[in-house]
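Shown next, in structure tokens, is the structure this report addresses.
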Amino acid sequence: KVTFEGHKVLRIVPKDEVQLSLIKDLEEMMEFELDFWRGVTTVSNPVDVRVPFHVLKSVKDYLETQNIDYSAMIEDLQMILDKEQKEMAAARVP
Amino acid sequence: QPKNTDSFDFANYHTLGEIYSFQDMLVAENPNIVSKIVIGQSYEGRPLNVLKFSTGGTNRPAIWIDTGIHSREWVTQASGLWFAKKIVTDYGTDPALTAILSQMDIFLEIATNPDGYAFTHSGNRMWRKTRKPNPGSSCVGVDPNRNWDAGFGEPGASSNPCSETYRGPSAHSESEVKSIVDFVKSHGNIKAFISIHSYSQMLMYPYGYKRTPTNDAAELHKVAQKAISDLTSLYGTKYTYGSIIDTIYQASGNTIDWTYEQGIKYSYTFELRDTGRYGFLLPASQIIPTAQETWLALMSIMDHTSKNPY
């Protein structure tokens, strides 16, 4: 079963067209194995992306170098998935 | 296992087996209004079940609703279960729904991508696509919302099998898509088609693959405005609405562009509730509020469809 230890979901908010274009570039970098939950649309619209642990530093560096604002929407994906599984299991107990 | 659909736990997420059992129980409990149609098989051989809600007649004008074409969007399948129960509960007591069902049938496909959904439980909770292998690639699956014959292969979908928006080798290459295509064509009298996704709180109409507005854009916009006003009235959830290409981004080969081009005027796609913190992992406690508010919008679209025959 695939697990997601240390994966974060970052919420990135492009401030202008230049940042929008830089985030689009990120979308095309297949080597980062990023999973865009909410894709690039327009300026000010958030982009949500799941970032695997092994590329987290590179992605953060890229965003910070370009002065692009981001925050962690989900700090640790696996923690939420574990909670979801527990809740489902608990719901099955009569 | 619940013994009947009254004891089914709508406030929790369920496995595919539980969804299939629910469908069978609902049919058994309500044989006069609900039946199950199997429109095809998924790549891995699972049945593609559609619930038909009908009060009689032959080949009546119909409304189609599907949930879960992107398997990881769990709140959509969970909402689909709630909608199914809501239809049988409200028929005969809610005048608006009763009036709709007196003229039209409703088709509801709850697990539109069952292989993907099963895989979200067994292998990868984040799985979005179908599960058919791609020859020559180690990456599996096609985005079933880029696989339709409407601008297929144009910008707004990927030709890379490893992409989450991989369009597939050809239009309707996925049995999950082709089965709906065949059903819609053979039925020939579907008047509204609503495809439900999550999560960014949007209601959209065609087109996604081109900027040209549809001939019905003004009416579709007005219907969307009313639907969202109704949705928002319940819990204040804010939605945006408009054409796909203007509201989100260019998306070629998508479901509702194809249905619109087949002559189904009231073609819409939803992106359901987003708490802003969980994305696809919306807590189970939010399933019922999400379904309740979405139901108001669905009723609004269905009501308009039934009152504006074409």
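Heads up: the sequence lines are chains A and B, in that order. Using the working numbering, you'd call the opening residue of the first sequence number 8 and step up by one each time. Using the working numbering, you'd call the opening residue of the second sequence number 139 and step up by one each time. Backbone N, C-alpha and C fix where the C-beta goes; we use that ideal spot for every residue, glycine too. Only a predicted model underlies this, so the values are computations on that prediction, with no experimental measurement involved.
Can you tell me where the beta strand (DSSP E) with residue i in it begins and where it stops?
i              : result
residue 263(B) : That residue, residue 263(B), is in no beta strand (DSSP E); it is neither H nor E in DSSP.
residue 348(B) : Residue 348(B) -> no beta strand (DSSP E), and no H or E assigned at all.
residue 480(B) : With chain B covering only 139 through 448, there is no way to say anything about residue 480(B).
residue 191(B) : 185-191
residue 174(B) : 172-179
Relative to the alpha-carbon of residue i, which residue among the options has its alpha-carbon at the smallest distance?
i              : options                           : result
residue 91(A)  : 421(B), 435(B), 438(B) and 430(B) : 421(B)
residue 209(B) : 265(B), 196(B), 181(B) and 175(B) : 265(B)
residue 30(A)  : 87(A), 98(A), 95(A) and 67(A)     : 67(A)
residue 233(B) : 446(B), 437(B), 443(B) and 447(B) : 437(B)
residue 94(A)  : 218(B), 273(B), 152(B) and 284(B) : 152(B)
residue 279(B) : 382(B), 291(B) and 311(B)         : 311(B)
residue 47(A)  : 62(A), 39(A) and 23(A)            : 23(A)
residue 358(B) : 220(B), 440(B), 326(B) and 388(B) : 440(B)
residue 274(B) : 175(B), 220(B) and 298(B)         : 298(B)
residue 340(B) : 367(B), 445(B) and 230(B)         : 367(B)
residue 193(B) : 230(B), 249(B), 426(B) and 314(B) : 230(B)
residue 225(B) : 189(B), 213(B), 199(B) and 294(B) : 189(B)
residue 400(B) : 294(B), 300(B) and 323(B)         : 323(B)
residue 239(B) : 252(B), 199(B) and 263(B)         : 199(B)
residue 51(A)  : 86(A), 13(A), 77(A) and 15(A)     : 77(A)
residue 164(B) : 182(B), 187(B) and 388(B)         : 187(B)
residue 309(B) : 244(B), 395(B) and 276(B)         : 395(B)
residue 37(A)  : 445(B), 355(B), 360(B) and 277(B) : 277(B)
residue 307(B) : 329(B), 330(B) and 271(B)         : 271(B)
Does the distance from the CB of residue i to the CB of residue j come in under 9 Å?
i              : j              : result
residue 409(B) : residue 343(B) : no
residue 332(B) : residue 228(B) : no
residue 390(B) : residue 289(B) : yes
residue 43(A)  : residue 56(A)  : yes
residue 21(A)  : residue 81(A)  : no
residue 216(B) : residue 429(B) : yes
residue 201(B) : residue 283(B) : no
residue 431(B) : residue 373(B) : yes
residue 346(B) : residue 382(B) : yes
residue 392(B) : residue 378(B) : no
residue 443(B) : residue 242(B) : yes
residue 426(B) : residue 220(B) : yes
residue 304(B) : residue 154(B) : no
residue 267(B) : residue 287(B) : no
residue 158(B) : residue 185(B) : yes
residue 180(B) : residue 263(B) : no
residue 355(B) : residue 404(B) : no
residue 39(A)  : residue 54(A)  : no
Can you name the start and end residues of the alpha helix (DSSP H) that residue i belongs to?
i              : result
residue 442(B) : 425-445
residue 15(A)  : No alpha helix (DSSP H) holds residue 15(A); the beta strand (DSSP E) holding it covers 15-19.
residue 200(B) : It is not in any alpha helix (DSSP H) - residue 200(B) instead sits in the beta strand (DSSP E) that spans 200-205.
residue 166(B) : 154-167
residue 316(B) : 313-325
For residue i and residue j, I'd like the C-alpha separation in whole angstroms.
i              : j              : result
residue 168(B) : residue 100(A) : 27 Å
residue 375(B) : residue 369(B) : 7 Å
residue 142(B) : residue 160(B) : 8 Å
residue 64(A)  : residue 9(A)   : 21 Å
residue 235(B) : residue 380(B) : 26 Å
residue 320(B) : residue 314(B) : 10 Å
residue 28(A)  : residue 177(B) : 42 Å
residue 419(B) : residue 84(A)  : 9 Å
residue 351(B) : residue 59(A)  : 39 Å
residue 18(A)  : residue 213(B) : 20 Å
residue 285(B) : residue 388(B) : 14 Å
residue 88(A)  : residue 33(A)  : 26 Å
residue 335(B) : residue 71(A)  : 32 Å
residue 327(B) : residue 148(B) : 31 Å
residue 411(B) : residue 424(B) : 9 Å
residue 49(A)  : residue 294(B) : 15 Å
residue 292(B) : residue 348(B) : 9 Å
residue 170(B) : residue 362(B) : 32 Å
residue 364(B) : residue 247(B) : 25 Å
residue 183(B) : residue 317(B) : 13 Å
residue 413(B) : residue 245(B) : 29 Å
residue 45(A)  : residue 195(B) : 43 Å
residue 456(B) : residue 69(A)  : Past the edges of chain B, shown from 139 to 448, lies residue 456(B), and the structure says nothing about it.
Runs of alpha helix (DSSP H) wholly within the segment 217-280 of chain B (minimum 4 residues, chain order) = 233-241 and 252-260
Which whole runs of the alpha helix (DSSP H) in the segment 370-409 of chain B are 4 residues long or more, in chain order?
-> 382-385 and 393-399
Return the chain-ordered ranges of every beta strand (DSSP E) run that is complete within the segment 22-86 of chain A and spans a minimum of 3 residues.
-> 42-45, 54-58 and 77-81
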